[in-house]
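Trainee: Taken in order, the sequence shown gives residues -3 to 255; the numbers are from the working numbering. Note that the Cβ used here is the ideal one computed from N, Cα and C, for glycine as well.
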Amino acid sequence: NTVTWKRLRRAIPYQRSKGLPLYYKLILCRALLASDVAQPKQRVLLELYTNLVLFCKDQHFNREQTSVLISIIKNVHQFNTETPLNNTDHCLTYCSELLLCHSVRRPPFSIDLFSSEQVTQILSYFINTYMRHYFLYKYIFTPEVQLDISLSYIGIPEDTDTEETAQSESVEDGKRETERETEIDEEVQQIAALEMTATETDSLEQGSSPKSELKTIVQKEVRDEVMRLSAQLQQRLQDSADQLNNAISKLETNIQIKK
């Protein structure tokens, strides 16, 4: 669908403006930015639209062409920032489709607002400005993706619960043993207590040793898997950057050939 006057609604006084960036920023701020301009994201958008208006003025675009081009770039930017994942090819395709809708006369689906030479100039400007800083826009306007790993061991209680249970059981056993052995002299009581303590210690060590070994093995496997995933993520990011650079180089080559 066409986007004629969708954003600015004839707000740009193209004929009587003298190219002052501050004047353009004031108009663009009122027409396009709803929130406070002091915010970093809004300042980035304002700089993007201001440079776009100056480009339109250098190319002698009229007010309708300027408004449409700003709407196209705004739509592409919104499409880009909908996901933190890499959608470079989709952004280029979407921008080309929007330009095509405004360069071929086929009402009501498209209008011949831009010529083929102007479309070439716009694509060259879009590649050399927005797409050159594609990952910066993605970093600023999309949330950071974080991976949280949570482990739970089925059938194995937590260490704190095990210790508390062992302590409570030992206290209860001590009380019962004391009640049962009130008539035994002190030496026999000490020997029995020492034997019971040694038995409990051995049982705890035997029960905790396999758990410790299991946790050590699991932690090692998880650590290795996280390192492997991190390496794969870095490789994918590098491949995405290489694909973006190759796509930009091909488009620049095609533009130079058309010229």
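Applying the 10 Å Cβ sphere with the 16-neighbour rule, what's the burial state of V72?
Mentor: buried
Trainee: In the DSSP assignment, what residue or residues form a beta bridge with R102?
Mentor: S106
Trainee: Classify V49: buried if its beta carbon has 16 or more other beta carbons within 10 angstroms, exposed otherwise.
Mentor: buried
Trainee: Determine the direct distance from the alpha carbon of S99 to that of L269, and round the result to whole angstroms.
Mentor: Shown here, the chain extends from -3 to 255; a query on residue 269 therefore has no answer.
Trainee: So, do the segment 226 to 246 and the segment 69 to 85 have three or more beta carbon pairs nearer to each other than 8 Å?
Mentor: yes
Trainee: Leaving out five residues before and five after L240 in sequence, what residues of the same chain have Cβ atoms less than 7 Å from its Cβ?
Mentor: T84, Y130
Trainee: Take the Cβ of S63 as the centre, count every other Cβ of all protein chains shown within 10 Å, and call the residue buried at 16 or more, exposed below.
Mentor: So S63 ends up on the buried side.
Trainee: Pull up the distance between the alpha-carbon of T116 and that of I251, whole angstroms please.
Mentor: 7 Å
Trainee: Going by beta carbon distance, what residues of the same chain come within less than 7 Å of D108, once the five residues before and after it are set aside?
Mentor: Within the same chain, and ignoring the five residues on either side of D108 in sequence, the residues whose Cβ sits closer than 7 Å to its Cβ are S99, V100, R101.
Trainee: Identify, in the order they occur along the chain, each residue of the same chain with its Cβ nearer than 7 Å to the Cβ of V40, setting aside the five sequence neighbours on each side.
Mentor: I136
Trainee: Under three-state DSSP, which class holds N58?
Mentor: coil
Trainee: I'd like the span of the alpha helix (DSSP H) that includes H86, first residue to last.
Mentor: 84 to 97
Trainee: Quick check on M223: buried or exposed, where buried means 16 or more other Cβ atoms within 10 Å of its Cβ?
Mentor: exposed
Trainee: Check whether the Cβ atoms of L94 and I68 sit closer than 7 Å, and answer yes or no.
Mentor: Their beta carbons are under 7 Å apart, which means L94 touches I68 by this criterion.
Trainee: Measure the C-alpha to C-alpha separation of S111 and A243 and round it to an integer number of angstroms.
Mentor: Roughly 24 Å separates the two Cα atoms.
Trainee: Once the 5 residues before and after E221 are set aside, which same chain residues still bring their CB inside 6 Å of it?
Mentor: none
Trainee: Taking the Cβ atom as the reference point for each residue, do T77 and T138 lie within a distance shorter than 7 Å?
Mentor: yes
Trainee: Assuming L65 contacts F57 under a Cβ cut-off of 8 Å, what Cβ separation, rounded to an integer in Å, is found between them?
Mentor: Yes, they are in contact, since the Cβ atoms of L65 and F57 sit about 7 Å apart, within 8 Å.
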